[in-house]
Amino acid sequence: MSDPAFGGVLLRMDGVVHSGDLAVQSFARHVASALSAEQSLAVLAGMRGFLEQKPDLLATGTELAGPELRTAEDGERAVEMLAVAAGLGASRIDAAREASRSDLSASAWVIDPPDGLTEIVDALAGRARVAVLTERHDPAAGPVLDACGLTDRVEQVLLPVSSAIRHLVPADGGSDRLLMIGTRWAGELHTAAAAGFDTAMVDRFGQQRGMPTWRVPQLAALVDIVRTWITAP
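Going by the working numbering, the sequence shown opens with residue 1055, and the numbers climb by one from there.
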């Protein structure tokens, strides 16, 4: 990677680098496999209702998880809420999530980068460090980056966001400019904003959480914003 002119850009893996629902659907399937037939149907219907914004299916999910399901920040959180409401413990939920990441790893070859991703990374090349937030030992991270053509163009930085920020914007000198592009306010974009950095939320489900610097429904809407940000004084 070229030496950057300043700071860096953090990209969330799920919802930004890849915007498909393979992992969420797999998560729901693994949760459902541990439940009764009735609860299983409610979890799958709730997941589909949330992702596809279908009121009738979402109503089935809210009967299980309550009205808060409608306010989940993303599909993974919605499935987690459904699993908790169905009575699954943390260890079973974590196992289902881990299995979904293995499934995503095996299916990553079908993933296409979302519109706007390549243009954003191109605009940043040689001008800012670009990093993707990943979970420790996530088997899907490498395959997804390969599928999106990013393996040699980005760094992988482990969550939490506070650690990633310290990696990209060291306290002992250098630029203090950073932009985080994500889908979650709580614990992610909020952390960057609280540290004084710019934030951009891809708010696919229109939840209107938090106060990001920019809010867009799809990543492609950030291309011109990033190009302006990178050239600003």
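For every residue, glycine included, the Cβ atom is placed at its ideal position computed from N, Cα and C.
Alpha-carbon spacing of residue i relative to residue j, whole angstroms
| i | j | result |
| --- | --- | --- |
| PRO1197 | LEU1158 | 9 Å |
| ASP1110 | GLY1103 | 7 Å |
| GLY1170 | MET1135 | 31 Å |
| SER1094 | ALA1153 | 17 Å |
| GLY1241 | ALA1247 | 10 Å |
| GLY1061 | TRP1239 | 21 Å |
| ALA1218 | GLU1209 | 10 Å |
| ASP1166 | ALA1139 | 33 Å |
| ALA1144 | THR1282 | 43 Å |
| ASP1200 | GLN1272 | 22 Å |
| GLN1261 | ALA1249 | 23 Å |
| ASP1278 | ALA1177 | 9 Å |
| ALA1179 | LEU1142 | 44 Å |
| ALA1195 | ARG1263 | 26 Å |
| MET1055 | LEU1112 | With a pLDDT of 41 at MET1055, under the threshold of 50, the modelled position of this residue cannot be trusted, and the question is left open. |
| ALA1274 | ILE1235 | 12 Å |
| PRO1121 | GLY1203 | 39 Å |
| LEU1123 | SER1090 | 20 Å |
| ARG1190 | THR1125 | 27 Å |
| PRO1058 | TRP1163 | Because the pLDDT at PRO1058 is just 47, under 50, the model does not fix this residue reliably, and the point stays unresolved. |
Beta-carbon spacing of residue i, residue j below 7 Å
| i | j | result |
| --- | --- | --- |
| ARG1151 | PHE1081 | yes |
| ARG1183 | LEU1212 | no |
| GLY1100 | GLY1115 | yes |
| SER1216 | THR1237 | no |
| SER1156 | LEU1076 | no |
| VAL1070 | VAL1256 | yes |
| ALA1254 | TRP1268 | yes |
| ILE1044 | VAL1280 | Residue 1044 is absent from the structure shown; the chain starts at 1055 and stops at 1287. |
| ALA1088 | ARG1131 | no |
| ARG1181 | ILE1284 | yes |
| ALA1096 | LEU1118 | yes |
| PRO1214 | SER1073 | no |
Residue i - partner residues in DSSP beta bridges
| i | result |
| --- | --- |
| ARG1269 | MET1255 |
| ILE1210 | The residue asked about is misnamed: residue 1210 is Gln in this sequence, not Ile. The partner list for GLN1210 (beta bridge, DSSP) reads VAL1186. |
| HIS1072 | ASP1068 |
First and last residue of the uninterrupted beta strand (DSSP E) at residue i
| i | result |
| --- | --- |
| MET1234 | 1232-1236 |
Element boundaries [alpha helix (DSSP H), containing residue i]
| i | result |
| --- | --- |
| GLY1062 | First-last for GLY1062: 1062-1066, but that is the beta strand (DSSP E), not the alpha helix (DSSP H). |
| HIS1221 | 1215-1222 |
| ALA1096 | 1091-1106 |
| GLY1129 | 1129-1139 |
| PRO1109 | 1109-1119 |
| ILE1053 | Because the chain here runs from 1055 to 1287, residue 1053 falls outside it and cannot be looked at. |
| PRO1197 | 1195-1201 |
| ASP1148 | 1144-1161 |
| GLU1173 | 1171-1178 |
Cβ distance (whole Å) where residue i is taken to contact residue j below 8 Å
| i | j | result |
| --- | --- | --- |
| VAL1186 | MET1265 | With a Cβ gap of about 24 Å, VAL1186 and MET1265 do not count as contacting. |
| ALA1137 | VAL1085 | 5 Å |
| PHE1251 | LEU1233 | 7 Å |
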